[in-house]
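Counting along the sequence shown from 1, when you hit position 462 you're at 462 in my numbering, and nothing is skipped either side.
Where is the CB? At the ideal position from N, CA and C, for every residue including glycine.
Predicted model only: the values in this text are computed from it and were never measured.
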Amino acid sequence: MRLTQTSDLWWKNAVVYCLDVETFKDGNDDGIGDFRGLTQQIDYLAGLGVTCLWLMPFFPTPNRDDGYDITDFYSIDPRLGTLGDFVEFMRTAKDRGLRVIADLVVNHTSDQHPWFKQARSSKDNPFRDWYVWSDTPEPDDPKQVVFPDKENSFWELDKDSGQYYLHSFYKHQPDLNVGNPQVRDEITRILGFWMELGLSGFRVDAVPFLIQNVSPKLPDPHDFLADLRAFMSRREGSSILLGEVNVPYDEALTYFGDGNGTELTMCFDFIAMQRAWLSLARSEAEPLASALRERPKPPKDCQWAMFLRNHDELTLDKLTDEERQEVFDAFGPSPDMQIYGRGLRRRLPTMLGGDLRRIKMAYSLLFSLPGTPVIFYGEEIGLGENLEAEGRMAVRIPMQWAPEGGFSKAEPDREMPGGAYAPERVNVAAQKRDGDSLLRWFQLLIERYRECPELAWGEKRVLDCDHPAVLAHRCDADGATVLVVHNLSDTAADIELTLEGLAHCRLTDLLTDAVFDVGEDERVELPLDPHGSRWLRASAPDVPPEDASVKSQ
Ligand code: GLC
Ligand code: CA
């Protein structure tokens, strides 16, 4: 595939790196990460090979939901720096070729936001209708409540006015009313503001909640998403919306914009993510393979976003009760590892028992699955969690740069884990000097992933494989083929595959230097180590594999 084409739709094979400025690097020695600290680490991020940074909320906040409760959409949390620091960060990121997107949290505001203070001050305040009110709310379905440890309803009584306001999340996060054209205008202004400062797009928080329960009802709530996308495209043609849309596939597809790709550019694939964990728990390919087979093709130019962990709980809400229990038993058996009855508040390496081979295989899978990989800061070094911290904060610990921590010269605001995951054992500095480290593995995977745009762009096929622990898939584009195989079990596996159209081809392993020849009958035998993985490029025996990937015209 030609680079001129693939770079044009940059998001389709981006590597997105999510981080919270607050936990990444402290630049002024007060124990809290900030933009100055982050800016100083941009070469590290560029060196890792990621292409796009996703910043978690960095706006002024009372911090009752780790910044997802905003009091001003147009400035910077003073603990993290100033707008001046932000602009310097953006300039430096751009200089190193990194794009930046940010969380767009407009389903709700903090209850301390001036808009809400105004809104609740009287029933005829002009801001009243910026939120959703009811005299007689519908009874709640307790199963739908998002944070059942803290809330038991979507509605909270505002005592002064006697009306209830809607809050899809915590009661201190009243939902904005996008049924009101002024609210829609304001959201557009927020997008425009940050795009003017250089953002390439947004990770849209809680998308299904954003467009439901609005008043008055919109003829089609999806029109609002299409309007946002159109606005952004007018301002900057290559900007994107990456949506948090945890719904079944057929419904998720509608968020791309009914087959024509006019709404979200990318949606997180929560279904494949959850089935991947079930596959890991069972050491069986089938749950993940079936998700990939069921997954609808996104509209042209759109893409699924793949992830294994993020900043929230590892939600397992789309598995059956029995399946969820299997994952709990395998990866989070103790009640303090579980949360909300549906998820785990752990990071990947601890769940995989610190088994480096298995961890490496899991990430090889992430980078080679069709879709844009999104990683959560620290995954590249195998950061652990701190179960002492409250709720989801367990996974939001400071980045570990050096044996002594390296996050801050002061005592960090948040605790780092001890034991096997303490900074002395898990840190960037040591892994940079160790060729077998997870960090080096990430660099290799990212480099290969970027060299194999077929993975992101190609026609995908999950192949029939006679070994239950092995997932084999191939991606074809422009006459080039990449084949990927993963062994999910801890015993070696010899597999045999049929590769349609590849008789007499040579397969070169891009992670080692092994080669395998496909027979006349289109069959090939491939040995796999325990938790082994292979990324193979097909070429005619006399063509170097690198050349097989490029079409000259
Ligand atoms: C999203 C975020 C989560 C936050 C919630 C409310 O689900 O990922 O962290 O608590 O929205 O904003
Ligand atoms: Ca600081």
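Residue i CB to nearest heavy atom of ligand 1 below 8 Å
| i | result |
| --- | --- |
| Glu156 | no |
| Pro68 | Rather than Pro, the amino acid found at residue 68 in this sequence is Tyr. Yes, the Cβ of Tyr68 comes within 8 Å of a heavy atom of ligand 1. |
| Glu244 | yes |
| Asp205 | yes |
| Asp554 | Summary: the structure shown does not reach residue 554, with the chain confined to residues 1 through 553, and so no result is reported for it. |
| Phe169 | yes |
| Gln173 | yes |
| His108 | yes |
| His311 | yes |
| Val105 | yes |
| Arg392 | yes |
Check: residue i C-beta below 8 Å from any heavy atom of ligand 2
| i | result |
| --- | --- |
| Asp476 | no |
| Gly405 | no |
| Gly33 | yes |
| Arg414 | no |
| Gly558 | Only positions 1 to 553 of the chain appear in this structure, which leaves residue 558 out of reach. |
| Asp595 | Look at the range of the chain in this structure, 1 to 553, and you will see that residue 595 is not part of it. |
| Asp509 | no |
| Asp29 | yes |
| Ser364 | no |
| Gly37 | yes |
| Ser408 | yes |
Secondary structure of residue i, DSSP reduced to three states
| i | result |
| --- | --- |
| Pro248 | coil |
| Val543 | coil |
| Leu176 | strand |
| Met306 | strand |
| Phe59 | coil |
| Phe343 | Strictly speaking, residue 343 in this sequence is Gly, with Phe absent from that position. Strand, per DSSP. |
| Asn125 | coil |
| Asp317 | coil |
| Ala555 | As shown, the chain starts at 1 and ends at 553. That puts residue 555 outside it, with no answer to give. |
| His113 | coil |
| Ser408 | coil |
| Gly162 | coil |
| Trp118 | The sequence as given places Gln at residue 118; Trp does not occur at that position. Three-state DSSP puts Gln118 in a helix. |
| Asp521 | coil |
| Tyr131 | strand |
| Pro527 | strand |
| Met537 | A small correction: the amino acid at residue 537 is Arg; Met does not occupy that position in the sequence shown. In this structure, Arg537 counts as strand in the three-state DSSP scheme. |
| Gly37 | helix |
| Leu53 | strand |
| Trp11 | helix |
| Ala548 | helix |
| Glu326 | helix |
| Ala422 | coil |
| Ala514 | coil |
Expected contact under 8 Å - CB spacing of residue i and residue j to nearest Å
| i | j | result |
| --- | --- | --- |
| Asp269 | Gly371 | 6 Å |
| Asp160 | Arg120 | 7 Å |
| Leu502 | Glu522 | 6 Å |
| Pro57 | Val15 | In fact, because the Cβ distance is near 22 Å, the residues do not count as touching under 8 Å. |
Proximal residues to residue i (C-beta, below 6 Å), its chain only, five neighbours per side dropped
| i | result |
| --- | --- |
| Leu225 | Glu263 |
| Leu439 | Glu380, Ile381, Gln431 |
| His113 | Thr71 |
| Arg79 | Ile32 |
| Asp476 | Gly458, Glu459 |
Residues of its chain near residue i, where Cβ-Cβ distance is below 7 Å and the 5 sequence neighbours each way are ignored
| i | result |
| --- | --- |
| Thr82 | Ile76 |
| Tyr249 | Ile271, Glu294, Arg295, Pro296 |
| Leu445 | Tyr363, Ser364, Phe367 |
| Phe376 | Cys18, Arg309, Asn310, His311 |
| Gly162 | none |
8 Å CB neighbourhood of residue i in its chain, flanking five on each side removed
| i | result |
| --- | --- |
| Thr320 | none |
| Asp85 | Asp34, Phe35, Arg36, Thr39, Ile76 |
Residue i beta carbon near ligand 3 (any heavy atom closer than 8 Å)
| i | result |
| --- | --- |
| Asp26 | Ligand 3 is not part of the structure shown, which contains ligand 1 and ligand 2 as its ligands. |
Every unbroken alpha helix (DSSP H) inside the segment 354–394 [4 residues or more]:
Secondary structure in the segment 354–394: the alpha helix (DSSP H) runs of 4 residues or longer, each lying completely within the stretch, are 356–368 in chain order.
Counting only runs that start and end within the segment 433–512, where is the beta strand (DSSP E) found for 3 or more residues in a row?
459–462, 470–477, 480–487, 493–498, 506–509
Enumerate, from N- to C-terminal direction, the unbroken beta strand (DSSP E) stretches of 3 or more residues contained entirely within the segment 265–297.
266–268
Contained beta strand (DSSP E) runs [length at least 3] in the segment 182–240, N- to C-terminal order:
201–204
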